[in-house]
Amino acid sequence: MVPPPSLKKIPQTKFTPNIVKKGVNKVSNGVEKVRKERPQPSSSPSSTSSSSSSSSSSKTIVVEKKVVSEEIIQQKKALPVFSARKALVENVNKHSTVIIISETGTGKTTQIPQYLHEEGYTNKGVIAITQPRRVAAVSISKRVSDEMGVELGQQVGYSVRFDDKSSKDTRLKYMTDGMLVREAMLDASLSKYSVIILDEAHERTLNTDILFGLLKKIQKKRNDRIKQLEKEEQEEETKQDPESSNNNETTIQKIKPKISPLKIIIMSATLDAELFSNYFDNAPILYIEGRQFPVQIYYTNELQKDYVDAALVTVLQIHLQYLNNETIKSEEDENGGDILVFLTGREEIENLEKLLIDRIPRLPEGCKELLVRPIFAALPQEQQMKVFEKSPKGSRKVILATNIAETSLTINGIRYVVDTGVVKSKIYNPKIGIDSLNVIPISKASARQRTGRAGREFEGKCYRLYTQSTFENMDDSSIPEIKRSNVANVILQLKTIGVHDILGFDFLERPPLPTIKKSLEQLYCLEALTDQGNLSELGKKMAMFPLDPMYSKTLLKSVEFNCLEEVLIIISMLSVESIFFIPKDKKQEVESIKKIFFSPEGDHITFLNVFREYQRVKGSLEWCFNHFINIKSMTKVINVFEQLVKYCISIKLKIESCENDFEKVRKSFISGFFMNVAALQPDKKYKTMVDSKEIHIHPTSFLFDIKPQYILYNELTITTKAFARNVLPIEPSWLPEICPKYYGSRPIPQDQNSDSSLNTLNQFTSADDN
DNA sequence: GAGCACTGC
């Protein structure tokens, strides 16, 4: 028997199990008392239906074609949210906005829309429920349509990109938050909706944050309009002959507005309740208790310098406990005892995987078999599926995951969570206009979310590989996306919706001022905005496309170069990451495969070659497999391509091919990416032509060894150095030719960062400030 | 000679 590897003791510092809220008094029916109460101007939907008591509700469930099984009816009643129904409905009737705080597993997302439907809210419009992720929108709507016994796509539907299962009859519409933003671009008042529920609001996705501002504005506008119409009615009434009351009624009926108030419901996990409530004029906060099993939390005594090593030790320690602890043994034998480890990225995951596999042969006898299962987004689907396979008896899975396992997917059978306390996060730096990807500490909210992954089915344990004081010093919640992203696209969307004064827009939390300015500048340079800061004709068209502004500009300008077809393909290819999945041990093979597609005219043309070949073999799975092509990525490319083609046709763009005259393609990209150009220096480094910053071609680029004199790149990411990704060679003379406004007739700037257009820009942004 | 976390339209 081999003794266990030298395990560092992880001190068994017990922490209050489970997620505990402070300062709230739970009410026995499962809802916690409404903390704040303040009647709001808007009224309940229709006085007749809203006053109906909740007990009459069960009748309406079976109205539709299919019969709802007794089982489903019982399941619905057993959900924690069920006992909260009355209080929920009353609050929604009384207030224009309600904040609902709930842990996982209360059934809020499936049930609350049904309650509101049964209470008559769908008589006046559609109830939208937004989700940050597509899969959630689709799967929840399926469940709800089953519960209501209706065909999916009829009364209950969903709407996500590339897939819309909703119809004129749809009353409950589950959709991604991004889809609702898109709808707002077509109908700025979202007039078909009577209730909009922002679910998972605590995640603070870019789109949810845009919706916060939009919905608040729309709600106010609708209420003002209603008040105004009521006032007009009253005036009308007093003018009328008081005796002819019949007549009077019909007149009012006629001018009665079709407009109805908008109810907003924010659903979130605990932490940001106050922020939301304050933003919505002290909207009431309701708490629904969840059903989470307790999770014991352990901290380390001291800081762990090497958290991958600490994770290794902890996993083995957990694994060996099984041998000497009868309680643990019987618990695990009954329910399972899989381990979930949170790491930051592929590299760490593969390192730890190797370390674990090396140790497995040396584990003592009597140990369960240890199955190592990596998962991260870029891993091909087939391999991802392995984490969901149930561990065979006498074995245990160790899942090594990125943040993908924090919210995006749920794995059953997890008893132990090992949390390294770090995450990779993309942050935009407006000063240099570049994203950087950094490993940073997670927030308390994130730590709790990770912990919760161990208590979904039974009691669990969470090993935090950091000290308790480290935890206490973490931020309460992660920095929302809107505060760490380039907002050029957000601005384009808002302007399309009619929000012209971006700085004056009532954001829940505003993006940093330098970011707003930089993004406005960028849009101005792209000619999406006029000198006055309004959307130009080009800008209006750009906003229509589900692309970042530089890409939509490229796409629209490629029409003039008669190569829209190629540009559409290339942009579709660039819209997904990792076309190639390169297994760790097959680098050499992959390099030779890549050469088949290589074009000296740049990565873009190389991707075009991949796409053409994929088309030629009709997407053959075998071909993909043999060429290390990620099938899921290519499927998405085709979807994006088809969607873009549809948009192009709708605005009557001429889709032409340039055959093999790729110079046209390269010139098209200049019209969108003229600011992303660099020149080779004698020392073999590149300097950006706009501000003389040192950059390097990323080694994954096909041009890494070739080093053309002048390059254009799609993105720059800072990791160890500033790396340009997706590179194509250009001629410097093309710059003034294609962008006379930006480069003018003066020589290409090489060494100074002055730029005449920036003066205009400063005036322009300060003009917008007012 | 480096290494992209995760979503969404």
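Sequential numbering from 1005 applies to the first sequence in this note's numbering. Every residue, glycine too, gets a C-beta built ideally from N, C-alpha and C.
> Quick one: is I1655 buried, meaning 16 or more other Cβ sit within 10 Å of its Cβ, or exposed?
Replying inline: exposed
> Which residues in the same chain have their Cβ closer than 8 Å to the Cβ of K1588, if we skip the five residues on either side of it in sequence?
Replying inline: E1354
>> Considering just the uninterrupted stretch of the alpha helix (DSSP H) at M1638, what are its terminal residues?
In response: 1635 to 1654
> Leaving out five residues before and five after N1407 in sequence, what residues of the same chain have Cβ atoms less than 6 Å from its Cβ?
Replying inline: Excluding sequence neighbours, N1407 sits near V1427.
> Going straight from the alpha carbon of Q1472 to that of I1343, what length do you get?
Replying inline: 21 Å
>> So if DSSP puts L1732 in a beta bridge, which residue, or which two residues, is it bridged to?
In response: L1716
> S1473 lies in the alpha helix (DSSP H); which residues open and close that run?
Replying inline: 1472 to 1477
> Pairing CB atoms from the segment 1697 to 1713 with CB atoms from the segment 1601 to 1614, are three or more of them under 8 Å?
Replying inline: Yes: at least three Cβ pairs fall under 8 Å.
>> Give me the residue from K1221, Y1162, V1102 with the minimum Cα distance to G1783.
In response: Residue numbering for the chain in the displayed model covers 1005 to 1774; residue 1783 lies beyond these limits and cannot be assessed.
> Does DSSP classify I1586 as helix, strand or coil?
Replying inline: coil
>> Between which two residues does the beta strand (DSSP E) holding I1133 run?
In response: Element bounds for I1133: 1130 to 1135.
>> So, with DSSP's three-state summary, where would you put H1700?
In response: H1700: strand per DSSP, three-state reduction.
> P1434: which of L1572, D1362, I1486 sits nearest, CA to CA?
Replying inline: I1486
> Near F1677, which residues of its chain fall below 8 Å by C-beta distance, leaving aside the five closest residues on each side in sequence?
Replying inline: Correct list, in chain order: M1554, T1558, L1716, Y1717, N1718.
> Of all the options K1235, K1225, E1278, H1121, which has the alpha carbon lying nearest to the alpha carbon of I1263?
Replying inline: K1225
>> What does the alpha-carbon distance come out to for the pair E1151 and Y1178?
In response: 15 Å
> Should the segment 1402 to 1421 be called in touch with the segment 1375 to 1392, which here means at least 3 C-beta pairs below 8 Å?
Replying inline: yes
> Going by alpha carbons, who is nearest to V1142 out of G1124, H1121, K1128, F1166?
Replying inline: Among G1124, H1121, K1128, F1166, the Cα nearest to that of V1142 belongs to F1166.
>> Mapping the DSSP letters down to three states, classify F1166 as helix, strand or coil.
In response: coil
>> Looking at the secondary structure, which residues open and close the alpha helix (DSSP H) in which M1554 lies?
In response: 1553 to 1561
>> On the criterion of 16 or more Cβ atoms from any shown chain inside 10 Å, does I1403 qualify as buried, or is it exposed?
In response: It is buried - the Cβ of I1403 has at least 16 other Cβ atoms within 10 Å.
> From the DSSP output, which residues share a beta bridge with N1433?
Replying inline: I1438
>> Looking only at its chain, what residues have a beta carbon closer than 8 Å to the beta carbon of T1212, apart from the 5 residues adjacent to it on each side?
In response: T1134, P1136, D1181, L1202, E1204, A1205
> Beta carbon of I1268, beta carbon of T1101: below 7 Å?
Replying inline: With respect to T1101, I1268 sits close: the two C-beta atoms are nearer than 7 Å.
> Does the beta-carbon of R1366 have 16 or more other beta-carbons within 10 angstroms, so that it is buried, or is it exposed?
Replying inline: Result: exposed.
>> Please list the terminal residues of the continuous alpha helix (DSSP H) segment that includes C1628.
In response: 1625 to 1630
> What are the uninterrupted segments assigned as alpha helix (DSSP H) that are 4 or more residues long and contained completely in the segment 1490 to 1531, given in chain order?
Replying inline: 1492 to 1501, 1517 to 1529
> To which residues of the same chain is K1430 closer than 6 Å at the C-beta, ignoring the five residues directly before and after it?
Replying inline: D1439, L1441
>> Here's a check: name, in chain order, each residue in its chain whose Cβ is nearer than 6 Å to the Cβ of L1530, leaving out the five neighbours to either side.
In response: Result list for L1530: P1553, K1557, in chain order.
>> Quick check on T1769: does DSSP put it in helix, strand or coil?
In response: Residue placement at T1769 is flagged as unreliable, the pLDDT there being 35, under the threshold of 50; a coordinate-derived value is accordingly withheld.
> Helix, strand or coil for K1012 per DSSP?
Replying inline: With a pLDDT of only 38 at K1012, under 50, the local geometry of the prediction cannot be trusted, and no value is derived from it.
> First and last residue of the beta strand (DSSP E) that includes P1378?
Replying inline: Run containing P1378: 1373 to 1379, per the beta strand (DSSP E) assignment.
> If you pair each beta-carbon of the segment 1453 to 1463 with each one of the segment 1415 to 1424, do three or more pairs fall below 8 Å?
Replying inline: Of all C-beta pairs linking the segment 1453 to 1463 to the segment 1415 to 1424, three or more are shorter than 8 Å, placing the two stretches in contact.
> The alpha helix (DSSP H) spanning M1271 covers which residue range?
Replying inline: Here M1271 belongs to no alpha helix (DSSP H); instead the beta strand (DSSP E) covers 1267 to 1272.
> On the three-state DSSP scale, how would you describe K1397?
Replying inline: coil
> Who are the Cβ neighbours of E1463 in its own chain at under 6 Å, not counting the five residues just before and after it?
Replying inline: F1297, P1298
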